[in-house]
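Below you'll find the structure, written out as structure tokens, and then a few comments.
In this note's numbering, the protein residues as written are 1 to 169.
Structure, rendered in structure tokens:
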């Protein structure tokens, strides 16, 4: 929980943030992945199973791919307990099968630099957004959803880091 609370507060995931290069991601994460490259090299998505990064091409000669988003896809742990074990072996960070928003919020209350969160209804989900760190938490908000091979009501679906909009965009 402390790892996720720190990510929400700082916008850093394994020391990586928006703007980190593909080479920096390679150094930080030693875990199997799948790359998907967009048409004409417009984007790159690197999926590690639990964590996924999206990259934009850098600019200038010899430019590297640059991280634009990162997502911790906690919902993928519910049907696959092997994913959590392999992730813990390769990164040293363990995750439970389910992460409740209540548990994460409790860990966040003990974290330095707690961001202000705004909440919006996303149709079956609540999105808690921290503008200061550019991280959102998507929480299942459907009372009929029960834990099983899927996350249930009150569980965190994902945490998403996004690139801030630049002036003029």
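All residues carry an ideal CB built from backbone N, CA and C; glycine is no exception.
Starting from the Cα of residue i, find the closest Cα among the options and give me that residue.
i, options, result
"residue 120", "130, 13, 66 and 112", "130"
"residue 70", "124, 39 and 135", "135"
"residue 63", "19, 49, 151 and 81", "19"
"residue 101", "128, 122 and 85", "128"
"residue 160", "61, 77, 139 and 154", "139"
"residue 137", "84, 99 and 24", "99"
"residue 7", "145, 51 and 78", "51"
Just to confirm the assignment, what range does the alpha helix (DSSP H) spanning residue i have?
i, result
"residue 10", "2–10"
Would you tell me roughly how many angstroms separate the C-alpha atoms of residue i and residue j, rounded to the nearest one?
i, j, result
"residue 53", "residue 88", "18 Å"
"residue 15", "residue 75", "23 Å"
"residue 132", "residue 2", "18 Å"
"residue 157", "residue 32", "22 Å"
"residue 38", "residue 68", "14 Å"
"residue 164", "residue 117", "16 Å"
"residue 168", "residue 148", "Its pLDDT being 45, under 50, residue 168 is placed unreliably in this model, and the value from its coordinates should be taken loosely. Cα to Cα, residue 168 sits roughly 45 Å from residue 148."
"residue 41", "residue 58", "11 Å"
"residue 126", "residue 143", "12 Å"
"residue 124", "residue 84", "25 Å"
"residue 253", "residue 86", "The question about residue 253 has no answer here: the residues shown for the chain are numbered 1 through 169."
"residue 12", "residue 24", "13 Å"
Whose C-beta lies closer than 6 Å to the C-beta of residue i among residues of the same chain, with five residues either side of it excluded?
i, result
"residue 45", "36 and 54"
"residue 28", "14, 15 and 16"
"residue 48", "31 and 33"
"residue 92", "none"
"residue 150", "78"
Return the chain-ordered list of same chain residues with a C-beta closer than 8 Å to the C-beta of residue i, the five sequence neighbours on each side being excluded.
i, result
"residue 5", "104, 107, 108, 110 and 111"
"residue 153", "140, 141, 142, 143, 144, 145 and 146"
For the beta strand (DSSP E) that contains residue i, what are its first and last residues?
i, result
"residue 151", "Segment: none, residue 151 is in no beta strand (DSSP E) and carries neither H nor E."
"residue 135", "135–140"
"residue 65", "Element bounds for residue 65: n/a, residue is neither H nor E."
"residue 159", "156–162"
"residue 173", "No answer is possible for residue 173: it lies beyond the span of the chain, which begins at 1 and ends at 169."
"residue 54", "51–56"
Sorted by chain position, which residues of the same chain lie with C-beta nearer than 7 Å to residue i's C-beta, five sequence neighbours on each side aside?
i, result
"residue 114", "9 and 108"
"residue 22", "55, 64 and 65"
"residue 197", "Nothing about residue 197 can be read from this structure; the chain reaches only from 1 to 169."
field: Inside the segment 67–131 only - alpha helix (DSSP H) runs reaching at least 4 residues
entry: Look at the segment 67–131 and you find these whole runs of alpha helix (DSSP H), each 4 residues long or longer: 81–91 and 101–109.
message: Could you tell me which whole beta strand (DSSP E) segments of length 3 or greater appear in the segment 20–47?
response: Listed in chain order, they are 34–37 and 44–47.
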